[in-house]
Amino acid sequence: MSSNAFGKLLTVTTFGESHGPAIGCVVDGCPPGLTLDAEEFRHDLERRATGRSRYTSQRHEADEVEILSGVYEGRTTGTPIALLIRNTNQRSKDYGDIVQTFRPGHADYTYWQKYGIRDPRGGGRSSARETTMRVAAGVIAKKWLAEHHGVRVRGYMGQIGDITPDAFDWDAVEQNPFFWPAADQVPALETYINALRKSGDSVGARVNVVADGVPPGWGEPIYGKLDGELASALMSINAVKGVEIGDGFAAVSQHGSEHRDEMSLDGFASNHAGGILGGISSGQPVTASIVLKPTSSILVPGHSVNLAGEPTEVVTKGRHDPCVGIRATPIAEAMVALVLMDQALRHRAQCGDVGVVEPRITS
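Every letter in the sequence shown is one number past the one before it in the numbering used here, and letter 93, counting from 1, is 100.
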């Protein structure tokens with residue numbers, strides 16, 4: 008299988024390449040009756056888009072969503088929802104020098120080894136352009152979760168290079184191009200990213216996602232664990248090299264008396280587990296983090312080989328991000344929302360007759 012789809016009751020299949028005529032997705036399993044129009048996709052797609060600030064790639068795509076099926080008179084019908092976005096700002100000539108060369112740190116070599124053919128234009132299917140459709144699909148999931156369960160999925164930048172937030176304010180996150188929660192640090196980040204761009208290099212990042220309002224009970228034990236599926240979905244995002252749920256790897260230095268989230272009828276004393284116990288949501292906020300590698304497409308020369316097996320030097324031309332993590336926040340939000348909606352539908356299918364079980368701990 009080519010694995011271009013994920014999910015069980017809510018499935019998402021994406022298609023298209025970075026420099027092809029269009030990209031698209033099919034969202035299957037969305038219940039009928041959800042109000043939906045093309046304009047609702049604009050906000051999150053703008054948050055992910057390139058060319059909107061000088062700190063990301065300058066490829067500027069309109070990202071206008073066309074709803075091809077699954078919606079009638081502004082409401083979902085329960086049939087597959089097909090979404091299409093046409094590519095309008097490709098510059099394939101930027102990749103002419105790498106047609107015969109493998110870019111280090113990219114999927115060029117592995118795609119060649121797997122398929123015996125590759126699309127060198129912007130990385131083809133391995134380009135972050137593909138994540139545009141994940142964000143579009145995530146818009147549907149976010150809306151359904153909010154309307155049916157009161158769930159809100161939000162993300163923010165938790166680290167760029169060695170810089171971490173010195174304060175936290177959700178309101179600040181949407182007021183700067185870095186999704187940074189500490190407004191006073193934004194000028195320093197602007198200086199830092201500008202310097203990286205001028206040097207032709209890049210840096211990694213960490214993005215955190217929080218889902219508030221998730222009720223207890225979502226997720227399946229053993230092979231359908233909520234945290235397992237979140238990790239898989241988040242790990243599928245381009246450039247992600249690590250995923251944490253709750254405290255994640257910090258648990259290695261904690262004691263059990265510290266890490267366990269003690270509880271009373273008034274609530275949990277902490278949330279080190281990230282809102283998931285035994286693969287099932289506890290009713291606390293579900294928290295996850297991803298770490299993204301530094302962008303491999305940089306102006307700093309690097310060593311590689313060409314299709315003939317000869318050594319060569321690579322300098323990547325074109326429009327690229329000094330920190331690909333800057334655009335990852337809405338992508339991570341989308342993947343979390345899609346997993347949560349899928350798990351919610353599966354929970355309803357299996358345990359819909361199970362009422363509120365006492366005692367119920369307030370989060």
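All C-beta atoms, glycine included, are put in the ideal place defined by N, C-alpha and C. Keep in mind that this is a model prediction, so the values were computed, not measured.
- Each residue's CA atom was taken as its position, placing L314 and Q107 some 5 Å apart.
- The beta carbon of A189 sits closer than 6 Å to the beta carbons of P172, D173 and A174 from its chain, once the five residues preceding and following it are set aside; these are given in chain order.
- Listed in chain order, the non-local C-beta contacts of L43 below 6 Å within the same chain comprise V78 and T83, local neighbours out to five positions each way being set aside.
- Judged by DSSP in its simplified three-state form, F48 adopts helix.
- Rounded to whole angstroms, the gap between the alpha carbons of A143 and S264 is 42 Å.
- Secondary structure within the segment 172-203: not one fully enclosed beta strand (DSSP E) run of 3 or more consecutive residues is present.
- In the three-state scheme derived from DSSP, where H, G and I count as helix and E and B as strand, D360 is classed as coil.
- In the DSSP annotation of this structure, the continuous segment of the beta strand (DSSP E) that includes H310 starts and ends at G309 to V312.
- With 16 or more other CB atoms across the displayed protein chains lying within 10 angstroms of its CB, S303 is buried.
- The C-alpha of E251 is placed about 36 Å away from the C-alpha of T95.
- In the structure shown, E320 falls within a strand segment according to DSSP collapsed to helix, strand and coil.
- DSSP, reduced to helix, strand and coil, places E53 within a helical segment of the structure shown.
- When the five nearest sequence neighbours on each side are left out, the beta carbons in the same chain lying within less than 6 Å of the beta carbon of S289 are those of P223 and G282, in order along the chain.
- Scanning the segment 120-171 for uninterrupted alpha helix (DSSP H) segments of 4 residues or longer gives 138-156, listed from N- to C-terminal end.
- Secondary structure of S260 (DSSP, three-state): helix.
- When Cβ pairs closer than 8 Å are counted between the two stretches, the segment 197-204 is seen not to touch the segment 293-300, the count staying below three.
- Beyond the five residues adjoining it in sequence on each side, D176 comes within less than 6 Å, by CB distance, of P188 in the same chain, given in chain order.
- DSSP, read as helix, strand or coil, puts G231 in helix.
- In the DSSP secondary-structure assignment, I252 is bridged to A295.
- By the criterion of a C-beta distance shorter than 8 Å, T323 is surrounded in its chain by I105, R110, S303, S304, I305 and L306, once the five residues flanking it on both sides are discounted.
- A check of alpha carbon separations from E154 across H354, G255, S271 and V221 identifies V221 as the nearest.
- Between the alpha carbons of A276 and I368 lies a gap of roughly 11 Å.
- Ranked by how close their Cα comes to the Cα of G81, the residues E46, R204, G207 and R334 have E46 in first place.
- Annotation: D234 to K149 spans about 18 Å, alpha carbon to alpha carbon.
- Going by C-alpha positions, I124 is about 43 Å away from V158.
- Relative to the Cα of C32, the nearest Cα in the group E340, R267 and R136 belongs to R136.
- Taking all protein chains in view, the Cβ of E24 is crowded by 16 or more other Cβ atoms within 10 Å, so the residue is classified as buried.
- Closest by C-alpha distance to R161, out of G362, E71 and M342, is M342.
- Collapsing the DSSP output to three states places I338 in a helix.
- In the assembly as shown, M242 is an exposed residue. Its beta-carbon has fewer than 16 other beta-carbons within 10 Å.
- A114 and R128 have their C-alpha atoms some 12 Å from each other.
- In terms of CA proximity to H279, A258 leads the group D273, L272, S271 and A258.
- Taken through DSSP and simplified to helix, strand or coil, S10 comes out as coil.
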